[in-house]
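Peer 1: Note that the UniProt record's numbering numbers the sequence shown so that position 58 is 58, with each residue one more than the last.
For every residue, glycine included, the Cβ atom is placed at its ideal position computed from N, Cα and C.
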Amino acid sequence: VIHGDLKALNVLIDDSGKAVLCDFGLSRIKADAMSKTARSVGESIVGSRNWMAPEQLLGGLLKKPCDIYALGMTIYEVS
Numbered sequence: 001v002i003h004g005d006l007k008a009l010n011v012l013i014d015d016s017g018k019a020v021l022c023d024f025g026l027s028r029i030k031a032d033a034m035s036k037t038a039r040s041v042g043e044s045i046v047g048s049r050n051w052m053a054p055e056q057l058l059g060g061l062l063k064k065p066c067d068i069y070a071l072g073m074t075i076y077e078v079s
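(1) What does the Cβ neighbour count give for G72, buried or exposed, with the cut at 16 atoms within 10 Å?
(2) Secondary structure at L61, three-state DSSP: helix, strand or coil?
(3) Assign C22 to one of two classes, buried (16 or more other C-beta atoms within 10 Å of its C-beta) or exposed (fewer than that).
(4) Taking all protein chains shown into account, do 16 or more other C-beta atoms lie within 10 angstroms of the C-beta of G47, making it buried, or fewer, making it exposed?
(5) Could you check the C-alpha separation between T74 and K18 for me, to the nearest Å?
(6) Give a yes or no on whether the C-beta atoms belonging to K64 and I2 are separated by under 8 Å.
(7) Suppose the cutoff is 6 Å on Cβ atoms and the five residues either side in sequence are ignored; what does the same chain contact list for N10 look like?
(8) Please report how far the alpha carbon of D15 lies from the alpha carbon of S79, in whole angstroms.
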């Protein structure tokens with residue numbers, strides 16, 4: 001599953017201190033688009049720009065490395 005909008009606001013901490021990822025709205029858009037119009041989703045910029053990988057900002061397709069980049073940005077932000 002590619003989240004597509006990973007950022008600190010989408011990470012919740014439960015009572016035991018465990019991080020829980022929320023807001024999978026863009027991952028649903030991506031899943032729906034994979035059947036017919038993945039290119040159109042790749043051409044539009046959706047998500048939070050400050051956490052996006054450069055290739056995503058340039059209109060590239062949303063892939064796993066985009067989430068990895070966003071995770072790095074999130075860790076940097078909260079550290």
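Peer 2: If we stick to the structure as given:
(1) Walking along the sequence shown from the start, residue 72 turns up at place 72. When all chains shown are included, G72 counts as exposed.
(2) Counting from 1 along the sequence shown, the entry for residue 61 is found at position 61. Correct three-state label for L61: coil.
(3) Position 22 of the sequence shown, counted from the first residue, corresponds to residue 22. So C22 counts as exposed.
(4) Position 47 of the sequence shown, counting from 1, holds the residue named residue 47. With 16 or more other Cβ atoms within 10 Å, it is buried.
(5) Against the sequence shown, residue 74 aligns to sequence position 74. Against the sequence shown, residue 18 aligns to sequence position 18. Taking the straight line from one Cα to the other gives about 16 Å.
(6) As a working mapping, residue 64 is identified with position 64 in the sequence shown. As a working mapping, residue 2 is identified with position 2 in the sequence shown. In this structure, I2 lies closer than 8 Å to K64 by Cβ.
(7) Taking the first residue of the sequence shown as 1, we reach residue 10 at position 10. Excluding sequence neighbours, N10 sits near C22 and D23.
(8) Your numbering for residue 15 matches position 15 in the sequence shown. Your numbering for residue 79 matches position 79 in the sequence shown. Computed Cα separation, rounded: 20 Å.
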